[in-house]
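Residue numbers (the working numbering): 1186 to 1371.
Cβ coordinates follow ideal geometry from the N, Cα and C atoms, glycine included.
Encoded as structure tokens, the structure appears first; notes follow it.
In structure tokens form, the structure reads like this:
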């Protein structure tokens, strides 16, 4: 199935979307490899960060395995993986994409890497003036940018990069997932 903004619009309607968060999709990597790249300690569980996310001194990540990869979520939107973490987790042919929302600043970051090469990273991909840095495979979806919901567009871009179509069932795994301590939030 080809990634569509309409599909992800419907997915967003079916799940609870917090104000600010970092959402990560990694294809072809293990949960341990993703945790290592994020500096998340899978031996240090922490309470669900929903209520006090802005006051926490550390990031809290939930990482769940799905067919073909790993999904991750962090609810502050202040601990999304940088370009080095994205390239580290994609060594050996894996692919990763991160979406970070920040309602306070109204930014929507999209970054992606494949096989340890950063493909694209923009703090707010919706405000690009030049399409040259955008990988050709993402340009058709980005052309819909002004007419599409930004989060739905970012999730469709994630599918193009990783090859993993997200389902409501997969995203609901976060409701019962354990969160683990990550590095300090920025």
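DSSP three-state assignment for residue i, whether helix, strand or coil
| i | result |
| --- | --- |
| residue 1301 | coil |
| residue 1335 | helix |
| residue 1209 | strand |
| residue 1343 | helix |
| residue 1228 | coil |
| residue 1198 | helix |
| residue 1306 | strand |
| residue 1233 | coil |
| residue 1319 | coil |
| residue 1217 | helix |
| residue 1191 | helix |
| residue 1286 | strand |
| residue 1279 | coil |
| residue 1293 | strand |
| residue 1313 | coil |
| residue 1349 | coil |
Whole-angstrom C-beta distance between residue j and residue i, which should lie under 8 Å
| i | j | result |
| --- | --- | --- |
| residue 1211 | residue 1347 | 7 Å |
| residue 1342 | residue 1301 | At roughly 20 Å, the Cβ-Cβ gap does not stay under 8 Å, so residue 1342 and residue 1301 are not in contact. |
| residue 1360 | residue 1286 | Not confirmed; about 19 Å, so no contact. |
| residue 1190 | residue 1326 | 7 Å |
| residue 1294 | residue 1314 | The Cβ separation is near 17 Å, so there is no contact. |
| residue 1353 | residue 1199 | 5 Å |
| residue 1284 | residue 1339 | 4 Å |
| residue 1194 | residue 1316 | Not quite, the Cβ-Cβ distance comes to about 23 Å (not below 8 Å), so this is no contact. |
| residue 1242 | residue 1368 | Their Cβ separation, rounded to whole angstroms, is 10 Å, which puts residue 1242 and residue 1368 out of contact at 8 Å. |
First and last residue of the uninterrupted alpha helix (DSSP H) at residue i
| i | result |
| --- | --- |
| residue 1251 | From DSSP, residue 1251 is part of no alpha helix (DSSP H) but of the beta strand (DSSP E) over 1245 to 1251. |
| residue 1324 | 1324 to 1327 |
| residue 1271 | 1268 to 1274 |
| residue 1356 | 1353 to 1356 |
Closest Cα partner of residue i within the set the options
| i | options | result |
| --- | --- | --- |
| residue 1357 | 1188, 1197 and 1312 | 1197 |
| residue 1213 | 1317, 1263, 1275 and 1313 | 1275 |
| residue 1262 | 1217, 1252 and 1244 | 1244 |
| residue 1365 | 1188, 1246 and 1207 | 1246 |
| residue 1272 | 1260, 1253, 1291 and 1298 | 1298 |
| residue 1362 | 1269, 1218, 1255 and 1194 | 1255 |
| residue 1222 | 1209, 1312 and 1320 | 1209 |
| residue 1251 | 1187, 1320 and 1351 | 1351 |
| residue 1260 | 1253, 1216, 1233 and 1267 | 1233 |
Residue i classed as buried or exposed, judged by whether at least 16 other C-beta atoms fall within 10 angstroms
| i | result |
| --- | --- |
| residue 1230 | exposed |
| residue 1257 | buried |
| residue 1308 | exposed |
| residue 1278 | exposed |
| residue 1220 | buried |
| residue 1344 | buried |
| residue 1207 | buried |
| residue 1269 | exposed |
Residue i Cβ short of 7 Å to the ligand GTP heavy atom set
| i | result |
| --- | --- |
| residue 1364 | Only the bare structure without any ligand can be found here, which leaves the ligand GTP out of the picture. |
Endpoints, beta strand (DSSP E) assigned at residue i
| i | result |
| --- | --- |
| residue 1366 | 1364 to 1366 |
| residue 1256 | 1254 to 1259 |
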